[in-house]
Structures are given as C-alpha cells and as structure tokens.
Ligand SMILES: [Zn+2]
C-alpha cells in the first residue's frame with residue numbers, strides 16, 4: 116500500500132509538472148514572445164530584481180525556463196528536473212545580458228558550454244523532426260537554445276530611441292520605442308520643442324511688429340500729437 120501511494124504521489128507530481136510546462140509553453144511559445152521574455156529575463160539580473168521575486172513567480176520562471184529549453188528531455192522521463200536556484204539564474208541572466216547587449220551594440224558574443232546532449236526525434240507519422248537539448252546543468256542547454264532563437268530572430272532586438280531610456284526591446288512593425296510610455300515621452304518632448312521654436316519665432320515676430328508699430332506711432336504721434344492726447348485724455 117505504501118508503495119502504491121509513493122507511486123501515485125510521483126505520478127501526481129509528474130502530472131503537475133507537465134501541466135506547469137504546458138502552461139509555460141502557452142505563455143512563451145511564440146518566437147517573438149520568447150525573445151521578449153528573454154530580454155525581460157536579462158533584466159532580472161539588474162538591481163536585485165531576482166531577490167524580489169515571490170516564490171510563485173520563481174516557480175513560473177522555473178517552468179518557463181524548462182519549457183524554453185524544450186520539454187522533450189525532462190518531460191520524456193516525466194520526472195521534474197532540478198529546480199532552478201536564484202544564484203544560477205542570476206549567473207545565467209548576466210551571461211545572457213552580456214551576449215544580447217554585445218549583439219545589439221555591434222560586438223560579437225561567444226560562450227562555452229560543457230556536457231550538452233542533443234536530442235532529435237521524429238514522432239511516428241509526423242512530418243517534422245523535434246529536437247532539443249539537455250545537459251547536466253540546465254544553464255548549458257538554456258544558453259544553446261537562447262543562441263538558436265537569437266540567431267533566428269535576434270536582429271529584431273533594438274535599443275529604445277529615447278535617449279533617456281535606451282532599453283533593449285523586440286521591435287514590432289518598425290517601432291522605435293520600447294514602450295508606449297517612451298513614445299509618448301518622445302512625442303511630448305517633440306511637441307515642446309516645436310512649441311518653443313514657434314514661440315521663439317512668434318515672440319521675434321511680435322517684437323518686430325512692436326518696433327514697426329512704435330515707429331509708425333511715433334511718426335504719427337509727431338504728426339498729430341494733439342489727437343493722440345485727446346484720445347488718451349478720454
Ligand atoms: Zn524606452
């Protein structure tokens with residue numbers, strides 16, 4: 116009886132893990148989304164954001180990382196792979212950030228991985244071959260997968276055009292800014308500059324007008340002082 120409950124417990128655990136993986140795959144499965152997710156992951160390496168993640172956020176991230184690597188190897192056995200700890204995640208995020216930053220700024224990126232296993236599989240009757248990685252440590256597999264995705268779609272990564280921002284983002288439809296907030300800020304700035312220019316020329320024109328009027332009035336005033344005085348006197 117004890118054996119059965121242990122097996123049931125393991126099966127239930129494997130089931131939960133598979134569900135978590137599928138949910139994670141739903142969240143980050145599309146290439147553009149995955150690329151964006153990678154960028155956000157590199158940002159966790161900044162300013163101790165990682166230490167602020169809640170347990171459930173970390174659990175989500177954990178499932179997303181394994182879903183990203185390709186669920187094939189870990190899900191094949193049904194067993195839950197080693198949980199990802201914050202230190203390893205931080206190391207990996209820093210390494211990834213270095214790479215993505217390098218590429219965005221026109222520098223090369225190379226890295227070293229060890230003990231990597233490649234899996235290829237053609238499911239029966241399928242017209243596609245599935246492939247994935249597994250490694251003694253998830254970091255190697257993760258970096259390989261990240262490099263594959265970046266090779267294919269990474270040219271869409273750009274820096275935000277707002278000088279005060281410069282954040283890396285995945286460009287959609289030629290957008291220049293990382294967020295609505297940044298494009299709004301830039302628009303406001305541009306409007307302000309335009310208004311200032313207009314304001315300058317307006318005040319310059321107004322001044323010229325004032326001078327001309329003054330000259331005209333002075334001539335007139337000289338010509339017909341009495342009338343002006345009469346007017347003023349009213
Ligand atoms: Zn921005």
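In my numbering, the protein residues as written are 116 to 349.
The beta-carbon is built from N, C-alpha and C at its ideal position, and this holds for glycine as well.
Using a cutoff of 7 Å, the CB of residue 292 counts as near ligand 1, since one of the ligand's heavy atoms is closer than that.
Boundaries of the alpha helix (DSSP H) around residue 183: 170-184. Nearest in C-alpha terms to residue 272, of all of 220, 160, 144 and 250, is 220. Within its own chain, the residues whose Cβ lies closer than 7 Å to the Cβ of residue 135, once the five positions on either side in sequence are excluded, are 178, listed in chain order. Distance check between residue 133 and each of 196, 279 and 119 places 196 closest, using alpha-carbon atoms only.
Beta-carbon to beta-carbon, residue 253 and residue 180 are separated by about 7 Å, close enough to satisfy the 8 Å threshold.
Per DSSP, the unbroken alpha helix (DSSP H) holding residue 218 starts and ends at 201-219. Spanning the alpha carbons of residue 239 and residue 245 requires a straight line of approximately 11 Å. Taking a 10 Å sphere around the C-beta of residue 119, we find fewer than 16 other C-beta atoms and assign the residue as exposed.
For ligand 1, a non-hydrogen atom lies closer than 7 Å to the CB of residue 282.
Boundaries for residue 270: no alpha helix (DSSP H) harbours it, and the DSSP string shows neither H nor E there. One thing to note: residue 260 has its Cβ no nearer than 8 Å to the Cβ of residue 158.
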